[in-house]
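Just so we're aligned, residue 1 is where the sequence shown starts under the UniProt record's numbering, counting upward by one.
Backbone N, C-alpha and C define an ideal beta-carbon position, used for all residues, glycine too.
Comments concern the structure below.
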Amino acid sequence: MTSFRKRTVQKPIRGTRTSPHTAQVITSSGNPYLDVVIGGGLPMGSICLIEEDRFMTHAKVLAKYFLAEGVLSKQEIFLGSLDDIPAEMLRRLPKPLTDLESEVEQREEEQAAAGAGAENGLRIAWRYNDLPLVNSEHATAKIGHHFNLMEQMDSIMLYYANTTMWDDSHKEADIVIAFGDELSKSSSPTSCSLEQQPVENAPPIPGAGEEIIQEVKTKEDQFLLKTSEEQLTYIHQMLRDMEDDPPIPGAGEEIIQEVKTKEEINANNNNNSSTTVASSTKTASQESQVFHNARYGGLLNDIQQLLRDESFVAGTKKNLCRVCLTSLGSPLWYDEHFGEDLIKFLTLLMASVRNCNSVCLITMPMHLIAKYDASLVPKIRQLVDYAIELESFAGSEKETHPAFKEYSGLLHLHKMSALNTLAVHMPDTTDLAFKLRRKKFVIEKFHLPPELQESPKPDSCSTSILSNSNATASLDF
């Protein structure tokens, strides 16, 4: 009997690989140029913050790259936003390129750059000639894909993608009472839902005149104007009064028996799912106590429910979830407790993302948040792992400046964290710029063009002094 054992190698998660620098499991951000800047990709369990420019154009492009990479890698996607329509954003994802198309495009870029340099008659200094640009280093990447921003992704690929969208459209959901102490939102055919139905279509109650019908309409209008908590209290009080009050004159035993039958049916159905209803109600009540704005609680609850799936459990290599939140903290989120709720939400979001196989990308208008409260900017950056600011030249003096004519803006790295490693990856230079072309979003090392202005001619007197001194003086080495 030998001690030889066959080595079993687990397959990695789709769209991920192990970083050779930090030995972390990383996944592509969707943009190969951004992957090079952050060290090959986003580590699993990390949160990347893209600080939007003033016109919120370029940050949305990076968000589309992030989502398109998830669709192509067959990963789970969660997209939440109040400013954008998630379904419309998914329909406009860029089209992926094949390996042959990406190679051809890269060669055309190199030829165009060489031709432009020859036409201008400019030569790069010998000490800078061997330094590669950022956009030439992505050829060795083993993850990630290339996309064409001019064309949209095929609808068939989007149809089979596992996506979850949130836009706070379910906040006006119908209230369902299960004849108990729990509030459920299920739409089962056996549940009794209090929906606004026309009273004229209801069967007439024997012995009830026009006054009773008018009173029912008035109470129905008053009920619809109340909040959900007031409605729940009102319904429970109404049920107690029905038990204590005598029966309505003219109403037979059939109506009472029908109500009791429905009550027994719903009680049996609720007993089968009492644990689920109790946990969801408890979670909703806890979130309402944590956040003053209920939208944060609803968004966090939906994200946590998705991340609780067994395929995203930490330590397993089944699947990866991509969470994308666009324009978080925009004016649509403002209220009296905006700063407090936003910090709490980011703290709980980081705890949720860390404990499972997931990666998160958030775009935020930091220039608007800074005007609201400047102290929130450093706090927000402390609650994320990567903080990248996009400074656009649009609408500024730099847009027409000859030194910046080749680029669309500057890219600032405010924070890069070391997750599960001792040292964080740092790029060769932090002096970076980006340009949005027709087909791609490019990040390069920023460099100023050479000085083209003629130097001022020296004075005749200084020239004569220099010539005389050089003629008489000897040079010592």
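Residue state for T347 is assigned as helix, using DSSP reduced to three classes. In this structure, the CA atom of L42 is about 17 Å from the CA atom of H146. Fewer than three beta-carbon pairs drawn from the segment 422-432 and the segment 89-107 are found closer than 8 Å, and the two stretches are therefore not classed as touching. With 16 or more other Cβ atoms inside 10 Å of its own Cβ, A161 counts as buried. Spanning the alpha carbons of G144 and G15 requires a straight line of approximately 7 Å. Distance check between A63 and each of F404, L390, M416 places L390 closest, using alpha-carbon atoms only. Contact between the segment 339-357 and the segment 286-305 is established, with three or more Cβ pairs separated by less than 8 Å. Per the coordinates, the alpha-carbon of E310 lies some 9 Å from the alpha-carbon of N319. Apart from sequence neighbours up to five positions away, the residues of its chain that approach S102 with a beta-carbon distance below 6 Å are H146, ordered along the chain.
For P402, the secondary structure class from DSSP, reduced to helix, strand or coil, is helix. Under the three-state reduction of DSSP output, Y407 falls in the coil class, being neither helix nor strand. Relative to K405, the option among A370, K74, L328, F393 whose CA is nearest is F393. According to DSSP, M150 shares a beta bridge with no other residue. For the pair I77 and L325, the Cα-to-Cα distance works out to about 11 Å. Excluding five sequence positions before and after Q152, the CB atoms of its chain that fall closer than 8 Å to its own CB belong to R91, R92, L93, P94, K95, given in chain order.
When secondary structure is reduced to three states using DSSP, I26 falls in the strand class.
If you compare the alpha carbons of S29, H447, T163, L419 with that of F66, the shortest gap goes to S29. For S392, the uninterrupted beta strand (DSSP E) segment begins and ends at 386-392. Beta-bridge pairing by DSSP links A433 to L410, E444. Remark: C-beta atoms of F441 and Y407 do not approach each other more closely than 9 Å. DSSP places S102 within a helical segment (H, G or I) once states are collapsed to three. The residue from T22, K11, R17 with its alpha-carbon nearest to that of T421 is T22. Bounds of the alpha helix (DSSP H) holding F66 are 58-72.
For I343, the closest C-alpha among the options G329, C356, S352, N355 is that of G329. Selection G70, R437, K379, E399 evaluated against C360 yields G70 as nearest (Cα-Cα). Taking a 10 Å sphere around the C-beta of D335, we find fewer than 16 other C-beta atoms and assign the residue as exposed. According to the DSSP assignment, S358 belongs to the beta strand (DSSP E) that extends over 358-364. When secondary structure is reduced to three states using DSSP, P96 falls in the strand class. Less than 9 Å divides the Cβ of I388 from the Cβ of I50. By the neighbour-count definition (other C-beta atoms within 10 Å, threshold 16), K371 is an exposed residue. For G80, the uninterrupted beta strand (DSSP E) run begins and ends at 76-81, by DSSP.
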